[in-house]
Amino acid sequence: MLLSIANVHKSYGHIHALRGISFEVAEGEIVTLLGPSGCGKSTLLGVIAGLEEPDIGDIYWDDRDLRGLPPHKRGFGLMFQDYALFPHKNVQENVAFGLLMSKWHQREITERVDEVLELVGLAEYGNRAVATLSGGEQQRVALARSLAPGPDLLMLDEPLGSLDRTLRERLMAELRSILRQMEQTALYVTHDQEEAFALADRVVVMNQGRAAQIGTPQAVYQKPANAFVANFLGMSNIFQGKVQDGLIRSPIGDLPAPDEAEGTIMLLIRPDIIRLDGSGPKQLQGRVLSRSFRGSLCRLEVEIQSHSLTFDLPSSVTNLPRPGESIVLDYDPTETLQILAQ
Ligand code: ADP
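Numbering (this note's numbering), first residue to last: 69 to 410.
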């Protein structure tokens, strides 16, 4: 592993921003830190960049201990949402700035600037004043500037946060392909699940200064480890239940228990693995409270035993039930019911 973070704590007065977080980043890997505002993402980046010192914990790059090493000696690059290009310099000068500071030779600077501008699709833009560029183009200049020195690790803090949705989606795809092409090891901070999943080889889901789950986007989505992660990913059908005689006694009735389940458990009823075609093998009965169209999905709020549950069905399903109608939901317990860690 290249970057290794172990049991890092950081407090500001009585605010415990990082509470023992550990994870690793391998060479060429893109890892995203995903979590709600205030969970410690920026603090963690600051600690890795050397802008903050951890109270305790280890930070290694290969076998080099980074604690106490000033930011400019770490060889890392940072790109923020507020990327602050120099408004009076042109594109080329903005991208060249860090290289000049690091005393590169002029010929190498020119070559490198051309190379990274080509990479971000701005080969013809070198002489343009940055003030004349669109938001998306400025973002690409900022990316070119942070890539130019060839940082060992590139850290990106919500870099697409200020852009509109269409542009964000396009830049997300571009960014991924650029980072891949450069084999750039990267740490990407976002509160946006879609962005995190689209970019990452692995995601670290953060909650209150700790890693709530670490895994590939698929693994995290398919098997959220605990109620926090499930909720954060928009899966809210979570109930406490008790396993007795092969059944989960739950507030919405008795449900089949997986073999390994015992005692008091936290149960997730997945909103996305459900059918209406009578195919079973098990069924839940309820009444539709509301129905909302979300593009490719249609979200149903369903009352089951006085509890409100949410289910997402493909909008292409014919005869989607209307509010007030009774509904029979088909499910396979092995797919739809998941036990969460408490
Ligand atoms: P995120 O980036 O996930 O939004 P932050 O790392 O910015 O979270 O913040 C984590 C917690 O630490 C928050 O409660 C925040 O208010 C607090 N915090 C961050 N920086 C400072 C600081 N310089 N002084 C005091 N509290 C801070």
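Beta carbons are placed, not taken as given, at the ideal position from N, Cα and C, and that holds for glycine.
Let me know if residue i comes out buried or exposed under the rule of 16 or more other beta-carbons within 10 Å of its beta-carbon.
i: E97; result: buried
i: I333; result: buried
i: K141; result: exposed
i: D123; result: exposed
i: M169; result: exposed
i: Q373; result: exposed
i: G331; result: exposed
i: Q410; result: exposed
i: P217; result: buried
i: S364; result: exposed
i: T111; result: buried
i: P154; result: In the sequence as presented, Pro is not what sits at residue 154; that position holds Phe. Exposed.
i: G413; result: Absent from the structure is residue 413, since the part of the chain shown begins at 69 and ends at 410.
i: Q160; result: buried
i: G320; result: The sequence as given places Ile at residue 320; Gly does not occur at that position. Flag for I320 reads buried.
i: D104; result: The sequence as given places Pro at residue 104; Asp does not occur at that position. The residue is exposed, with fewer than 16 neighbouring Cβ atoms inside 10 Å.
i: G203; result: exposed
i: A197; result: exposed
i: A85; result: buried
i: A191; result: exposed
i: I83; result: exposed
i: G136; result: exposed
Nearest to residue i by CA position, among the options, is which residue?
i: A74; options: G114, G108, Y128 and G118; result: Y128
i: R362; options: L352, S384, L102 and K350; result: S384
i: M303; options: L119, S394, H259 and K291; result: K291
i: Q392; options: N158, E369 and S72; result: Rather than Gln, the amino acid found at residue 392 in this sequence is Gly. That would be E369, whose Cα lies nearest to the Cα of G392.
i: A268; options: L71, L102 and A85; result: L102
i: T258; options: V273, I177 and E251; result: V273
i: T386; options: E192, R343, P285 and D327; result: R343
i: N305; options: I341, D327, A325 and R135; result: I341
i: A266; options: G354, S245, R278 and P319; result: S245
i: Q261; options: G136, V288, E251 and T253; result: V288
i: C366; options: D327, Q286, D232 and L388; result: L388
i: E95; options: E251, A152 and A85; result: E251
i: L352; options: S72, D322 and R175; result: D322
i: A329; options: F144, P401 and N299; result: P401
i: R87; options: R233, G108, L70 and R132; result: G108
i: L224; options: H156, F144, Q286 and T178; result: F144
i: G277; options: L70, R132, L71 and I89; result: I89
i: P326; options: L357, E403 and E371; result: E403
Alpha carbon to alpha carbon, how far is residue j from residue i? Give it in angstroms, no decimals.
i: K78; j: L146; result: 20 Å
i: A264; j: T100; result: 6 Å
i: P139; j: I116; result: 9 Å
i: R359; j: L377; result: 12 Å
i: E120; j: K350; result: 53 Å
i: A212; j: N162; result: 9 Å
i: W172; j: L255; result: 26 Å
i: G229; j: G81; result: 29 Å
i: L405; j: G309; result: 12 Å
i: L381; j: S347; result: 15 Å
i: V396; j: L113; result: 48 Å
i: L222; j: L247; result: 9 Å
i: E226; j: L335; result: 33 Å
i: E242; j: V188; result: 8 Å
i: R180; j: D345; result: 59 Å
i: T284; j: A199; result: 39 Å
i: F379; j: N158; result: 51 Å
i: V311; j: R270; result: 33 Å
i: D398; j: I316; result: 18 Å
i: D220; j: L301; result: 31 Å
i: P318; j: H375; result: A small correction: the amino acid at residue 318 is Ser; Pro does not occupy that position in the sequence shown. Spanning the two alpha carbons is a distance of roughly 11 Å.
So what does residue i bridge to, in DSSP terms?
i: T378; result: E369
i: R317; result: K310 and D322
i: W172; result: Bridge partners of W172: none, in fact.
i: N275; result: R278
i: V257; result: L101 and D225
i: V76; result: I89
i: A411; result: Nothing can be reported for residue 411, as the shown portion of the chain is limited to 69 through 410.
i: I407; result: L335
i: K109; result: In DSSP, K109 forms no bridge with anything.
i: S360; result: R367
So residue i and residue j are in contact, right, with Cβ under 8 Å, and what is the actual spacing, rounded?
i: I282; j: F91; result: 6 Å
i: L408; j: N294; result: 5 Å
i: G125; j: V76; result: 3 Å
i: L239; j: Q207; result: 6 Å
i: G201; j: V209; result: It is worth fixing the name first, because residue 201 is Leu in this sequence and not Gly. Yes, L201 and V209 are in contact; Cβ-Cβ is about 7 Å, under 8 Å.
i: A45; j: F296; result: No answer is possible for residue 45: the residues shown for the chain start at 69 and end at 410.
i: R355; j: S394; result: 6 Å
Just jot down, in chain order, the residues whose CB lies closer than 6 Å to any heavy atom of the ligand FMN.
The ligand FMN is not part of this structure, which contains only the ligand ADP.
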